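Only one structure is covered here, and it is reproduced in the block below.
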Amino acid sequence: MKWVATAWDGLSGHWGVDHPAVLALLMLALLPLLATPFRRGGVPAIALIPEDRVSRLMSAALRLAGMVAILALVLGMAGLHRREQSVEREGTGAHLVLLLDRSSSMDNSFADRAPTGDQESKSAAAKRLLTDFVARRPHDRIAVAAFSTSPMPVLPLTDHHAVVDAAIAAIDRPGLAFTDVGRGLALAFSYFSEDTDESSRAVLLVSDGAALIDRRVQEALRDAVARTPVHLYWLFLRSRGSKGIFDVPPPGEDTPQANPERHLHLFLESLGVPYRAFEATSPEAVGQAITEIDRQETRPIRYLERVPRRDLARVAYLIAALCLGLLVIAKLAERRLMPSRLPDVRASAIADEPRRAA
Amino acid sequence: MTRRAHLIARDGRFWLLVLALALTLAAIGAPRLTMAREARDLILVIDVTGSMNVRDGRPGGPPATRLSQAKEGARRLLAGLPCQSRLGLGIFTERRSFLLFEPAEVCENFSAIDGAIDDLDWRMAWEGDSYVARGVHGAIAMAQGLGADLVFLTDGHEAPPLAGGELPAFDGEPGKVAGVLVGVGGTEPSPIPKFDRDGREVGFYGESDVPQENRSGPPPADAPSRAGYNPRNAPWGGEAATGTEHLSAMRAEHLRAIAAQTGLGYAALSTPATVISAVEAGTRARPVEVRVDTSALPAAFALLSLTALFGVGAAAARRDPVHLH
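Right, here's the structure in full:
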């Protein structure tokens, strides 16, 4: 019975109908077994008719034609189609989680003040450049997560970039107060916990600041990275005057509380996975960093290319028309068994009143 | 006319066959008509505050939190929207509606949007407060900016309660943004689950755990009659406020008041499918053109004539015995 289920899955996975209720009419296909469109003629004894395989085949074929015509019409009416299919192809790309900072400091310009007319806020710059980035990487599967005061899953991993664009478009809306980057990273890693694919996995963290990561969250992050190795990229949108990730402060001031960005950088380096940080101080630098990431993440990926649905109703009607044409031809070729000596008048009288003639 | 042609011409079954063939050919050549359907552009905002964790699932059904009911309703809505509709998703907590993604086309992005709704969790909330009226006002402004209509799923539980029980002022234009408030939850006050720092459930909120009265702003008019009232030292009276704010029921009256203030519609979520009818009644439709195939109509008549052909034949075969000419 297993092969039946497999076969059914195969069928239902590739084919579909729009109106399944119409399929109840398929029962009508039994009618040609009960009746024929041809005249029935009686003979006194079956023994009179010689055994003729061609006749039998012809009779079966005509019944079959009637059944197929009905089946095809019903399937056509039910909207038979081949479903949208996915074809697996190889390309370059990655499974990518965009982890976006939605804290309100992202709404400031790179000079860390409210943007004036000709300046771009950090979030607006990030939005523009990330949109370009996504557009340049058509084969990536992308998920989006946001973090601020709390981590927020926005989109699961998806091939559909229109909705990813919609999620990126939302990042320049007013943000929230805090930057809980640790739990944000934990959320980003969790996207890969069930991802068993061979392809390259990357997390792109876009933020303009960092915060202390709780020791317990740090441990959880180390665990998660050990389970599913990822590539980490941190695009740090550095505002003017704020501390950089790579600056080493004088001894005694190098505490995580005073330099959370630098210590987040050190922590991410210590995770033991490929990691790069980009410090972007202007929209142009952000663009360069994204180009660099684009260059790095070019491992082969198997992606699904979609073949659109194909309607088969017309094909079904064509088959029905062929069967019906066959029946019409057969009907035109129909002859009556009758004694040749009978005059025409009687013949037509018999045709009119076959029941009485019997 | 020859005898045979005459015979065929007088045979109804022949004409039924020809009719079926002609109709089938007509079905093959049937035109695709352009018809207008009603697509919608929506922003769906779901309340994820603490009171949405109350498990007062549908009567008779299994216990379900209000949030999971709201999510189920939202997913039904997503599945029920015609193609070319667009849906954006936001969450409400504290006093803000927070946009997760802007409206995106629902058919193309179905699984992603469905997954995003499914991923909504009370842990996304960043504060225990729940200023529903302000959240609705914010969501209206957001929807207006996006040119979409608003669907706001909430239980209407304000925490802390509104000062003096009055709605905050709405500075938008009522009715400018169409939309609907969908009330989630039962009408019986139920206890609100309480979670510890790690997200484990540790019981329910008690009377003293939540503010029972909003003591910001001027004191209410009845304050002088309260026990222990002192205009300077105890303007709200001398005793701690008591009340039932630690229990939560769906505040239909409050939601109706917000709806009236902002020109939105209101509907209670009795079954998941009510979201769809509420949205159809309360939001604007955008006519979009879809191609409709008309081939099923001639095909149906072709099938009818074939059924007549074979059906009559079958009935006749049953009725008369085989006859001899």
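If you read the protein sequences in the order shown, they are chains A and B. Residue numbering for the first sequence follows my numbering, beginning at 1 and increasing consecutively. Residue numbering for the second sequence follows my numbering, beginning at 1 and increasing consecutively. All residues carry an ideal CB built from backbone N, CA and C; glycine is no exception. Quick caveat: nothing in here was measured; it's all calculated off a predicted structure.
Query, Result
"Ala364(A), buried or exposed, once every other Cβ within 10 Å from all chains shown has been counted against 16", "It is not possible to answer for residue 364(A), since the shown part of chain A is limited to 1 through 358."
"Pro249(A) classed as buried or exposed, judged by whether at least 16 other C-beta atoms fall within 10 angstroms", "exposed"
"Buried versus exposed, by CB contacts within 10 Å (16 or more), Trp15(A)", "exposed"
"Per-residue contacts from Glu353(B) into chain A (C-beta, under 8 Å)", "Nothing about residue 353(B) can be read from this structure; chain B reaches only from 1 to 325."
"Endpoints, alpha helix (DSSP H) assigned at Lys375(A)", "The question about residue 375(A) has no answer here: the residues shown for chain A are numbered 1 through 358."
"Check whether Met124(B) and Met152(A) have beta carbons under 7 Å apart", "yes"
"Any chain A beta carbon closer than 7 Å to Phe92(B)", "no"
"Any C-beta of chain B under 7 Å from that of Gly76(A)", "yes"
"Within-7 Å CB hit, Arg173(A) to chain B", "yes"
"Euclidean distance between Cα positions of Ala30(B) and Thr294(B)", "6 Å"
"Buried versus exposed call for Arg13(B) [16 or more other C-beta atoms within 10 Å across all chains shown]", "buried"
"Three-pair Cβ contact test at 8 Å for the region 300 to 315 of chain B versus the region 85 to 101 of chain B", "no"
"Cβ neighbour criterion (16 or more within 10 Å) applied to Leu266(A)", "exposed"
"Three-way DSSP call (helix, strand, coil) for Gly175(A) in this model", "coil"
"Spatially closest choice to Thr65(B) from Gly282(B), Asp198(B), Gln261(B), Pro191(B), by CA coordinates", "Pro191(B)"
"Continuous alpha helix (DSSP H) assignments of at least 4 residues falling wholly in the region 65 to 122 of chain B", "66 to 80, 110 to 118"
"Chain A contact residues for Phe152(B), given Cβ-Cβ distances below 8 Å", "The premise fails here: Phe152(B) is roughly 17 Å from chain A at the closest Cβ pair, so nothing lies under 8 Å."
"Rounded separation between Ala211(A) and Leu204(A) - CA only", "17 Å"
"Given 8 Å, three or more beta-carbon pairs between the region 144 to 153 of chain B and the region 40 to 48 of chain B", "yes"
"Limits of the unbroken beta strand (DSSP E) element including Pro156(A)", "151 to 158"
"Residues near Leu19(B) in its chain [Cβ-Cβ closer than 6 Å; skip 5 each side]", "Ser305"
"Pro211(B) to Ala273(B) span [Cα, whole Å]", "35 Å"
"Closest by C-alpha distance to Glu198(A), when choosing among Ile49(A), Ala94(A), Met27(A), Arg63(A)", "Ala94(A)"
"At least 3 beta-carbon pairs within less than 8 Å: the region 130 to 148 of chain B vs the region 81 to 91 of chain B", "yes"
"Partners in chain A for Asp119(B), counting only beta-carbon separations shorter than 7 Å", "Pro153, Pro156"
"CA-to-CA distance, Ala316(B) to Ser348(A), given in whole angstroms", "Only weak support exists for where Ser348(A) lies, its pLDDT of 49 falling under 50; the value from the coordinates is given anyway. Cα-Cα distance, rounded: 20 Å."
"The region 236 to 256 of chain B in contact with the region 174 to 191 of chain B per 3-pair CB rule at 8 Å", "yes"
"Integer Cβ distance of Tyr205(B) from His246(B), believed to fall under 8 Å", "4 Å"
"Chain-ordered residues of the region 303 to 327 of chain A with a beta carbon less than 8 Å from chain B", "Asp311, Ala313, Arg314, Tyr317, Leu318, Ala320, Ala321, Leu324, Gly325, Leu327"
"Secondary structure of Asp132(A), DSSP reduced to three states", "helix"
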